[in-house]
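Undergrad: For the sequence shown, this note's numbering gives the first residue as 3, with consecutive numbering after it.
For glycine and all other residues, C-beta sits at the position ideal for the given N, C-alpha and C.
Shown below is the structure under consideration.
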Amino acid sequence: MKKIRLFTPGPCSVPEEVLLEMARPFEHHRTDWFKGYMKHATEQLQVVMQTKNDVLIITGSGTAAGEAAIVGCNPPGSKLLTIEGGKFGQRWGEIAEQFGIDVHRHEIEWGTAIDPAWIENYLQQDPAITAVMLTHSETSTGTLCDLETIGRIVRKAGKLLLVDAITSAGALPLKPDDWGVDVVITGAQKSLMLPPGLGFVSVSARAWDIIENNRAQPAYYLNLSKARASGAKHDTPFTPAHLMVRGLCKALDMLVEEGMENVWKRVASMAAATRTAGAAIGLEVFSKRPSDSVTAFSCPPGIKVSDIRAQLKERFGIQSAGGQDHLKGKIFRIGHMGYMDTMDSLVAIGALEQVLYKLGHKFELGAGLTAAQKVFAERS
Ligand SMILES: *Cc1c(COP(=O)(O)O)cnc(C)c1O
């Protein structure tokens with residue numbers, strides 16, 4: 003017998019109710035039947051993403067939603083600043099370059115978060131900048147930036163702020179309207195408890211002004227103006243992934259019922275327990291400013307990431323993630339997103355102890371689980 007235990011930071015585990023919802027017989031998409039789901043999903047997305055702005059549902063993964071936002075919000079004559087501290091930060095700079103958008107790509111050391119004061123200074127130095135794009139929770143390094151402070155700075159400077167919240171929306175505290183975030187991008191298969199295939203974008207009135215006047219928008223399919231026009235009628239410009247939208251309604255209902263503050267607390271507890279357990283068994287957290295949605299541990303000397311991950315999978319059915327690019331072989335990552343609770347974290351920690359013990363890492367067996375239990379006991 004082998005249970006599938008998905009601890010990857012996307013895709014994440016999906017509740018059975020959501021899977022079954024998508025398996026039921028369906029109608030055509032140009033119907034009131036589908037419009038009902040679209041309307042409900044859009045309203046619930048506003049609750050989960052904590053915004054009163056329009057939310058659009060894009061067929062495609064999170065990257066599709068990000069690309070739509072980039073090409074819409076950066077008309078000719080604009081200049082974008084991207085902050086790149088990992089794989090996903092880099093992606094947004096690459097997309098901007100590919101579309102010929104004038105972009106200043108600011109790289110920071112992977113595992114660190116941007117200093118908000120750097121952004122403040124840069125915006126003063128380079129007044130041509132019209133928009134800033136960054137990743138709230140950089141999944142590739144398990145790092146969270148101080149979005150609230152950055153939002154205040156960017157809003158004060160009068161620039162547009164686009165945020166990749168793909169592993170923060172629905173998992174971590176996020177208040178885009180209060181913090182001055184114009185565009186929030188997320189996707190289905192991380193915190194929102196769905197399989198991959200949908201992207202979501204919220205758009206502020208300020209951002210709409212720019213998008214609607216962007217006649218040169220080099221996008222036909224990933225065109226936010228078209229999505230907005232159809233969205234106003236609870237419809238989509240092209241054939242939607244309508245079973246995904248139906249599953250989405252179910253998943254969002256579950257999150258809204260739990261309450262976003264409670265969801266954030268649950269995720270924070272899992273992350274705190276995992277980090278504390280790691281410290282108790284001699285594992286170092288890689289990030290200097292850890293995100294609660296995914297924990298990246300540095301691999302202990304003398305042990306291979308590939309062995310840890312293979313044993314987790316073969317012996318316990320646990321799927322984890324390694325590092326990307328230059329972090330390959332250096333870190334491994336365990337997610338705290340999706341259909342997961344504190345008891346699931348104990349499973350991951352227990353399995354990790356078993357695996358590290360077999361691989362010859364020196365620590366007191368059970369110390370991680372004990373430390374994690376204390377964190378949960380103190381927090382509940
Ligand atoms: C997963 C992820 C993406 C990419 O999303 P896809 O759905 O794979 O296109 C972008 N940014 C972050 C922070 C992510 O975690």
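1) Between which two residues does the beta strand (DSSP E) harbouring ALA298 extend?
2) Can you give me the start and stop residues for the beta strand (DSSP E) that VAL377 sits inside?
3) Which value, in whole angstroms, describes the spacing of the CA atoms of VAL194 and HIS328?
4) Exposed or buried, PRO129, counting other C-beta atoms within 10 Å across all chains shown (16 or more means buried)?
5) Mind checking whether the beta-carbon of PHE90 lies closer than 7 Å to any heavy atom of ligand 1?
6) Could you have a look at THR278 and say whether DSSP puts it in helix, strand or coil?
7) What is the DSSP secondary structure of GLU140, counted as helix, strand or coil?
8) What span of residues does the beta strand (DSSP E) with GLY201 cover, start to end?
9) Ligand 1 and THR297: does any heavy atom of the ligand fall closer than 7 Å to the residue's C-beta?
10) Just the residues with CB closer than 7 Å to a heavy atom of ligand 1, in chain order, which are they?
11) Please report the residue range of the alpha helix (DSSP H) in which LEU354 lies.
12) Taking only runs that begin and end inside the segment 69 to 146, name each unbroken alpha helix (DSSP H) of 4 or more residues, in chain order.
13) Taking the C-alpha atoms as reference points, what is the distance between HIS236 and MET40?
14) Comparing C-alpha positions only, which one of LEU224, THR276 and LYS54 sits nearest to THR344?
15) Kindly indicate which three-state DSSP category ARG26 falls into: helix, strand or coil?
16) Could you pull out every residue in the same chain whose Cβ sits closer than 7 Å to the Cβ of ASN216, ignoring the five residues on either side in sequence?
17) Report the rounded CA-to-CA distance for ASP34 versus ILE121, giving the unit in angstroms.
18) Quick one: is GLN126 buried, meaning 16 or more other Cβ sit within 10 Å of its Cβ, or exposed?
19) Suppose contacts are defined by Cβ-Cβ distances below 8 Å. Is LEU82 in contact with GLY233 by that definition?
20) Got a sec? Which residues, its chain only, sit under 7 Å from VAL258 by beta carbon, not counting five neighbours each side?
21) In or out: LYS5 buried (at least 16 other Cβ within 10 Å) or exposed?
22) Can you tell me where the alpha helix (DSSP H) with LEU164 in it begins and where it stops?
23) Short of 6 Å in beta carbon distance, which residues of its chain neighbour LEU136, apart from the five on each side in sequence? Order them along the chain.
TA: On the basis of the supplied data:
1) The sequence position of residue 298 within the sequence shown is 296, counting from 1. Annotation for ALA298: the continuous beta strand (DSSP E) segment containing it runs 296 to 300.
2) Counted from its first residue, the sequence shown places residue 377 at position 375. Note, VAL377: premise wrong, no beta strand (DSSP E); alpha helix (DSSP H) at 369 to 381.
3) Residue numbering aside, residue 194 sits at position 192 when the sequence shown is read from its first letter. Residue numbering aside, residue 328 sits at position 326 when the sequence shown is read from its first letter. Here residue 194 is Leu; the residue named in the question, Val, does not match the sequence. Rounded to whole angstroms, LEU194 and HIS328 show a C-alpha spacing of 29 Å.
4) The residue labelled residue 129 in the question sits at position 127 within the sequence shown. Counting Cβ neighbours within 10 Å, PRO129 comes out exposed, since fewer than 16 surround it.
5) Walking along the sequence shown from the start, residue 90 turns up at place 88. For ligand 1, at least one heavy atom lies less than 7 Å from the Cβ of PHE90.
6) The sequence position of residue 278 within the sequence shown is 276, counting from 1. If DSSP states are grouped into helix, strand and coil, THR278 belongs with the helices.
7) Against the sequence shown, residue 140 aligns to sequence position 138. Correct three-state label for GLU140: strand.
8) As a first step, residue 201 is located in the sequence shown; it is residue number 199 there, counting from the start. For GLY201, the enclosing beta strand (DSSP E) begins and ends at 200 to 205.
9) In the sequence shown, counting from the first residue as 1, residue 297 sits at position 295. False, no ligand heavy atom lies under 7 Å from that Cβ.
10) Here the residues come out as PRO11, GLY12, SER63, GLY64, THR65, ALA66, GLY68, PHE90, ARG93, THR137, SER139, GLU140, THR141, ASP166, ILE168, THR169, GLY189, GLN191, LYS192, PRO198 and GLY201.
11) One-based indexing of the sequence shown puts residue 354 at position 352. Start and end: 344 to 360.
12) Fully enclosed alpha helix (DSSP H) runs of 4 or longer: 89 to 100 and 118 to 127.
13) Sequence index remark: in the sequence shown, residue 236 carries index 234 (1-based). Sequence index remark: in the sequence shown, residue 40 carries index 38 (1-based). Answer to the nearest angstrom: the Cα atoms are 5 Å apart.
14) Here the question's residue 344 lines up with position 342 in the sequence shown. Residue nearest to THR344 within the set LEU224, THR276 and LYS54 is THR276 (criterion: CA-CA distance).
15) Residue 26 sits at position 24 when you count from the first residue of the sequence shown. In the structure shown, ARG26 adopts coil according to DSSP, grouped into three states.
16) Here residue 216 refers to the residue found at position 214 when the sequence shown is read from its first residue. Excluding sequence positions up to five before and after ASN216, its CB lies within less than 7 Å of the CB of GLY74 and PRO77, all in the same chain and listed in chain order.
17) Taking the first residue of the sequence shown as position 1, residue 34 is located at position 32. Taking the first residue of the sequence shown as position 1, residue 121 is located at position 119. About 47 Å.
18) One-based indexing of the sequence shown puts residue 126 at position 124. Its Cβ having fewer than 16 others within 10 Å, GLN126 is exposed.
19) Locating residue 82 in the sequence shown gives position 80, where the first residue counts as 1. Locating residue 233 in the sequence shown gives position 231, where the first residue counts as 1. Against a cut-off of 8 Å, the Cβ pair of GLY233 and LEU82 comes out as no contact.
20) As a first step, residue 258 must be located in the sequence shown, where it is residue number 256. Cβ contact annotation for VAL258 (same chain, cutoff 7 Å, sequence separation greater than five): GLN46, VAL49 and VAL50, in chain order.
21) Mapped onto the sequence shown, residue 5 falls at position 3. Of the other Cβ atoms in all chains shown, fewer than 16 fall within 10 Å of the Cβ of LYS5; this residue is therefore exposed.
22) Numbered from 1 along the sequence shown, position 162 holds the residue referred to as residue 164. LEU164 -> not in any alpha helix (DSSP H); beta strand (DSSP E) instead, spanning 162 to 166.
23) To locate residue 136, count along the sequence shown from 1; it is residue 134. Only ILE85 meet the Cβ criterion.
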